[in-house]
Amino acid sequence: MTTASDPAYPAHWEADVVLRDGGTARIRPITSEDAERLVSFYELVSDESKYYRFFAPYPRLSAKDVHRFTHHDYVDRVGLAATVGGEFIATVRYDRINAQGRPASAPADEAEVAFLVQDAHQGRGVASTLLEHIAAVARERGIRRFAAEVLPANSKMIKVFTDAGYQQKRSFEDGSVHLTLDLEPTAESLAVQRARELRAEARSVQRLLAPGSVAVIGAGRAPGGVGRAVLRNLLDAGFTGRLHAVNQALTEEQRELDGVPAFPSVGAIGEPVDLAIIAVPAERVPHAVADCGEHGVQGLVVLSADYAESGPPGRERQRALVRQARSYGMRLIGPNAFGIINTAAGVRLNASLAPEAPPAGRIGLFTQSGAIGIALLSGLYRRGAGLSTFISSGNRADVSGNDFLQYWYEDPDTDVVLLYLESIGNPRKFTRLARRTAAAKPVVVVKGARHSGTTPPGHAVPVTRVPDATVSALLRQAGVILVGTVTELVDAGLLLAGQPLPAGPRVAILGNSESLGLLTYDACLTEGLRPRRPLDLTTAATPADFRAALAAALADDTCDAVVVTAIPWVGENGALESGDGQVLADALREAAATGPAKPVMVVHVEIGGLAEALAAATRTAPRPAGPIEPSPQPTTYTPSRPPRPGTHPAAPAFEERASGSSAPSPPTGGRPGTGPEPGHNATPPREATRIPAYPAAERAVRALAEAVRYARWRQDAAEPGKVGEYDDIDEAGAAALIERLLGPDPDPRGTTLTAADGDELLARYGIAVHPTLPAPDAAHAVEAAGRLGYPVALKTTAPHLRHRPDLGGVRLDLADEHQLARAYAELRATLGKPEELGPVVQAMVPRGVDTVVRASIDPAVGAVLSFGLAGAASELLGDTSHRLIPATDRDAAELLRTIRTAPLLFGWRGSAPVDTAALEELLLRVSRLVDDHPEVVAVGLEPVIVAQRGLAVLGASVRLAPAPALGDLGPRRLPSY
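Right, dumping it as structure tokens:
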């Protein structure tokens, strides 16, 4: 795209973006080769838009104009273009100016900016997106303010500036509006950017899931094959839009396939096509994509294989496929996809290889694996669960789980989100989107390929240095329900989709098997729940007894959830009977529907038809709900007297209650124990009293425990805490020190600071490192001890001995010169020469618990704060907690309390509790340092001795590097690999 006369072309400014209507465009710098494109673009702009741009009639560009608008130095003069299909649809440029408004160079930090958008593309958010990117470019080039002159009648452009969220000034001068924008990002500008990102990406998914017309490219002329199977599935699902079959080998006589109009190409259809399903060999896909792009298709689902999963040549084909699709403004699911399903009554889309479309329901399901997708669809179908939408993305070269989180966040038809992920392309963004979505509805994730150490074939993702355990901890921090298996994914999804959230961990257990009740009780304790003693209804219990016991349990204020256990009951002749599962299901659903809104689940053994009956979608009116106040005393459950053997009192059939007979219930996934806020209708009332059934107590309780933890997270997320603010922090001084230490030409790989420089930087944030003096020989050791004061510690700093007291490299409580000299001689005798050991002397500090505090910046995840106990606990057992930076006071408290060895901090086995408040403050100070100065890419404090009062940082390391680019904080862009 550049010529020999062009300055260095800034390729990193190129970006694919999603526009407001869900289509895509490419943003790139304008070069000297774009003269013809610019002229063609300008000819398509209306006279009115030209007048708004130049403040006068300007029918055509002169040769001088074309040269000026296509030749840039990419520093003082920059032009960007938004393109679709290789042609310009909009341009933006800035020219650096001085205080008098004349052309200037650095150090002038203001630039004049101007936009021009083709009329056919106005209203798509093109100018707003270009403003984000040109502002990022300007900041990179040292420009801090934009100035713009806009005619008062040009209200659209004025709105682009005023809605951007930047600090701005506005005045009226010489018949035009003069705007000045401060380009420093603000909380408001970031919020505006993310709101636009949400709308655009959600809209791009909606265009894929709710098309008005679909073309299946590659539908075979004879029955069989992938394309023909998808065509058949679309027909069987009752797709409500227009359906077309495309096969380039069709003869003139073949006008239909399975009764669907058939054509040799998309262009031959003669009417708009919203979505194309491509099922042709990989070598023919580019031709199919071009056919779609040239005829206005909005989105693609590529089922074809032989892409990145097949090796390097396939990976290049995949990259070319994405570039080609985006060049036409199309988004892409796949390649190697299994397909998509939307069960909404107005769509009924089954553009997948799933022969049986799932029933409509409230679960959204995303999977990166077709095989796992089949298993999940089958498992959910067998257990009576319905889906709102299903996506199997295959290699997910373009549309990913992030995009569907954007869509499901606002989708009124989805109450629960289930995801099977084998890789996360942008963990930082995924965590942000998951946190926002989880605040409204549960997000359940099972992650495959966690321990393989490699990216699954076909998944092109940025490399992250953060271990999977860290990513998992960050996902849990974001409210994600992280489960270990596909079975657990289904188990949790069934509970969350069909039942309200529990208000707490107190569990009532009732049933007709004492043994099954005890198994459930033990499982509750294992999962950290608080079970009540199981209520044994005996094997003679009837459905009426179950109904009465469940109603009593739900009415008990000391119970937050109920697990019902059931085995076949005793018949008249003493033999066990499986009975009619429908009768027991009706009894349980009646009790659940008429009682307070608490989760109910059933663990059953060999009761025919029970699970199916419990999952039946009998509609019910909303249930009453109110705050659940704990009661200190338990309630005793008393079953009714067992009837004569062989008699089964008929449970009254449950009928829909009259409208208005009860107060609204909390929406599924709502705040525990409370109803919806007045006027808040973001989530509809539950569709039915679906009681999930499980074949094992452990599975049921594990799902319940996840719901309890999620409900607690929802409550905590309402008050996320505060970032630490301390009067003694010298942010400006730290910035100046960092600038001096990095120097004018910093090493991009980074540099580790000397102990003195690192200690000085930490001191700017109120973090004092305990003094350490070198001891190259015994005499220097004695001198150092004299300066520090006895008692002292003698330690080695050699890498293989550092932080390893078990190897004998640390001698403590040396009370005088004699003990110090003897310890020094022992070190030399057992471990080596002083120049190999690097001995140092430190004054002793009060004894306490040895801990480790670390912070690091990962290019994919962002800044992470970590905490653990020093030694084997964190290094060998991996007992470390993690939180994203900036950390709040709540995050700091959780960091201490979520490690398995946390009891050692709070007085384990009679030991005195340590000063956790001081430790939390240290964590917040480290978080502030890394958050305020992205050049600080790593901090390690080890060990940090936490005593009963106060703490001491005995060792510290700090690493600096040029501030890394964190894509989630820059202008919106689609990933490119």
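Using the numbering used here, read the sequence shown as starting at 12 and increasing by one per residue. Virtual Cβ for every residue (Gly too), placed ideally from N, Cα, C. Values in this document were obtained by computation on a predicted structure and should not be read as measured data.
- Pairing A866 with L876 gives a Cβ-Cβ distance under 8 Å.
- Within the DSSP secondary-structure output, N361 pairs in a beta bridge with I352.
- Selection V955, V851, D926 and V948 evaluated against G882 yields V955 as nearest (Cα-Cα).
- The Cβ neighbour count for N353, taken over all protein chains shown within 10 Å, is at least 16; the residue is labelled buried.
- Counting of Cβ neighbours within 10 angstroms places H829 among the exposed residues, the total staying below 16.
- Contact fails between the stretch 721-736 and the stretch 537-555, because fewer than three Cβ pairs, one in each stretch, are under 8 Å apart.
- Judged by beta-carbon spacing, T425 lies within the 8 Å limit of G375, meaning their Cβ atoms are closer than that value.
- Between the stretch 833-841 and the stretch 853-862 there are fewer than three C-beta pairs closer than 8 Å, too few to call the two in contact.
- For A101, the closest of F126, A122, A974 and G112 by C-alpha to C-alpha distance is F126.
- The Cβ atoms of G325 and A319 lie closer than 8 Å to each other.
- In terms of Cα proximity to R104, the closest of V128, V95, G96 and E98 is V128.
- For L565, the secondary structure class from DSSP, reduced to helix, strand or coil, is helix.
- Proximity of the stretch 500-507 to the stretch 552-570 falls short of the contact definition, fewer than three beta-carbon pairs being nearer than 8 Å.
- Between Y85 and P40 the beta-carbon gap is near 7 Å, inside 8 Å, which marks them as a contact.
- Two segments are said to touch when three or more pairs of C-beta atoms, one from each, lie closer than 8 Å; by this definition the stretch 702-717 touches the stretch 520-533.
- In this structure, DSSP gives S987 a state outside helix and strand, which the three-state scheme calls coil.
- Of all C-beta pairs linking the stretch 419-436 to the stretch 363-373, three or more are shorter than 8 Å, placing the two stretches in contact.
- Nearest neighbour of H83 by Cα position, chosen from L72, H615 and D45, turns out to be D45.
- Residue pairing for A866: DSSP places it in a beta bridge opposite L876 and V950.
- Taking C-beta atoms as the reference points, Y69 and M168 fail to come closer than 8 Å.
- The Cβ-Cβ distance between V575 and P542 does not fall below 8 Å.
- Distances from the alpha-carbon of E263 to those of R232, L246 and K75 put R232 closest.
- Remark: C-beta atoms of V171 and I145 do not approach each other more closely than 8 Å.
- Looking at the backbone, the Cα of M612 and that of A445 are separated by about 27 Å.
- When the Cα atoms are used, K458 and P478 turn out to be separated by approximately 13 Å.
- The C-beta of E946 has 16 or more other C-beta atoms within 10 Å across all chains shown, which makes the residue buried.
- With fewer than 16 other Cβ atoms inside 10 Å of its own Cβ, F65 counts as exposed.
- Rounded to the nearest angstrom, the gap between the Cα atoms of D902 and A202 is 22 Å.
- If you draw a straight line from the Cα of R487 to the Cα of P21, it is about 38 Å long.
- The stretch 95-153 contains, as complete beta strand (DSSP E) runs of 3+ residues, the segments 98-108 and 121-128 (chain order).
- For I702, the closest of K609, E742, Q379 and A159 by C-alpha to C-alpha distance is K609.
- Nearest neighbour of G873 by Cα position, chosen from P982, R439 and A766, turns out to be R439.
- DSSP places K180 inside the beta strand (DSSP E), whose first and last residues are Q179 to E184.
- Here A854 carries a strand assignment [DSSP, helix/strand/coil].
- DSSP lists G522 as the beta-bridge partner residues of D547.
- Pairing L387 with V296 gives a Cβ-Cβ distance that is not under 8 Å.
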